[in-house]
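Trainee: Under my numbering, the very last position in the sequence shown is 1148; numbers go up by exactly one each time.
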Amino acid sequence: MLIQRRRPSAVNEQVEESGYMASASDLMIGILFIFIVMVMVLLARKPEIPIDNPPDPLAGVVQAIGSRLQKAGVPVAIDQASGVITLPTDTLFARGRPDLEANGVRALRQSAEQLQQVLPCYIYSQRRQLPANCPPNPQHVEIETVLIEGHTDSVPLQRGDYSNWHLGLDRARAVYKELNAGPMQYFRNEREQPVFGISSYADERPSNKKDAAQNRRVELRFVLAFQAGDTAPAKGASSTLKKMQETVR
């Protein structure tokens, strides 16, 4: 029996060919793996959709009301960010006194006349018959509360137990009585509660620590009602919102 021996060169060629095929196979598997990873990454990435921030409804309401007062000649300051319209106390009261000055009475009656025209556009009990000249209100914003806040400077009063807390509250009450002498006393929110309320902060919330005159002021703080269509509050904010609503009740 004859056995044909392979030449060494033929054996080497077969080994080299099989090694080449193995290397090419590994390379293709590596490329395929990279391709799969890239596809998965692209599928996982969500397209970034630009979101237009809607206008702040509180800022719009406060600006509309404050501008109405300013055009009528009432010297108010508007703070859209905090939802506050400031009445300079020196215009309304004598230094350290809780009683309205004659100029203060005129300024508040002028303010009440303007508020009676613009507030019904945002008050639940009045929006059933909207005035014809209401500012644009595409978000159907409603005012829950108008808090009249009395602030004083840090100079202590020399009147026994009568302190800046009492002074701030009495001034807020004087403004409240003047503004609610007319139809605004009947303004109600959706829960059928009076819209206007009063509070005092004495000298605890200074507007300008270096200017006592700016700290002597009465502020109208506007609180909006939560609407069912509003964006849901962030996680952890619901309890804070509930506490704020309970505070103004």
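Just so it is clear, CB atoms sit at the ideal spot from N, CA and C, and this is done for glycine as well.
Computed from a predicted structure; not experimentally measured.
1) Taking only the alpha-carbon atoms, compute the straight-line gap between E1043 and R944 and give it to the nearest angstrom.
2) Find the nearest neighbour of S1010 within the set E1118, F1125 and H1039, judged by alpha-carbon distance.
3) CB-CB under 8 Å to S1106, same chain, minus the five flanking residues each way: which ones, in chain order?
4) Which residue wins for smallest C-alpha separation from R1092, given the options V1054, H1065, Y1100 and V1045?
5) Taking its Cβ as the centre, do 16 or more other Cβ atoms sit within 10 Å of Y1021, making it buried, or is it exposed?
6) Unbroken beta strand (DSSP E) runs of length 3 or more, entirely within the stretch 949 to 987: which are they?
7) Work out the CA separation of L1018 and R1008 for me, nearest whole Å.
8) Report all residues from its chain with a CB closer than 7 Å to the CB of P997; omit the five preceding and five following residues, and keep chain order.
9) Just to confirm, is the Cβ distance from P1034 to A980 under 8 Å?
10) From the DSSP output, in three-state form, read off I1022 for me.
11) What number of angstroms, rounded off, separates the C-alpha of G1003 from the C-alpha of E1077?
12) Determine which residues share a DSSP beta bridge with L1066 and list them.
13) Where does I933 fall in DSSP's three states?
14) Leaving out five residues on either side along the sequence, give the residues of the same chain with a beta carbon under 6 Å from the beta carbon of H1039.
15) Note down the Cα distance separating G982 from S1024, rounded to an integer number of angstroms.
16) Just the C-alpha distance for L1056 and N1032, rounded to the nearest angstrom, thanks.
Mentor: Result, derived from the coordinates:
1) 42 Å
2) E1118
3) T985, H1050, Q1113, N1114 and R1116
4) Before going on, a small fix: residue 1092 reads as Gln here, not Arg. Here the closest residue by C-alpha is V1045.
5) buried
6) 976 to 978 and 983 to 987
7) 15 Å
8) L1066, D1069, R1070 and A1073
9) no
10) coil
11) 10 Å
12) Its beta-bridge partners do not exist; DSSP assigns none.
13) helix
14) none
15) 21 Å
16) 45 Å
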